[in-house]
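J.: Once you've had a glance at the structure underneath, I'll fire off some questions.
Numbering (our numbering), first residue to last: 1 to 49.
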């Protein structure tokens, strides 16, 4: 697996982990990479104002 594919897989897994917690918004996961090193990882969560 290429590195960018691994990073995308991690982002998708993070998004899927939030299933049911983001309605009505879409699932969003992210991985921040600098020099082939993961420096951040996260996912969207619904926040009512």
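Idealized CB from N, CA, C, for every residue including glycine.
Mind listing, in chain order, the continuous beta strand (DSSP E) runs of no fewer than 3 residues lying wholly within the region 14-47?
T.: 29-34, 37-43
J.: Here's the rule: buried if 16 or more other CB atoms are within 10 angstroms of the residue's CB, otherwise exposed. What is residue 29?
T.: buried
J.: Reducing DSSP to helix, strand and coil, say where residue 10 ends up.
T.: The three-state reading of DSSP puts residue 10 in helix, counting H, G and I together.
J.: Measure from the alpha carbon of residue 43 to the alpha carbon of each residue in 17, 4, 5, 1, then state which is nearest.
T.: With respect to the C-alpha of residue 43, the residue from 17, 4, 5, 1 having the closest C-alpha is 17.
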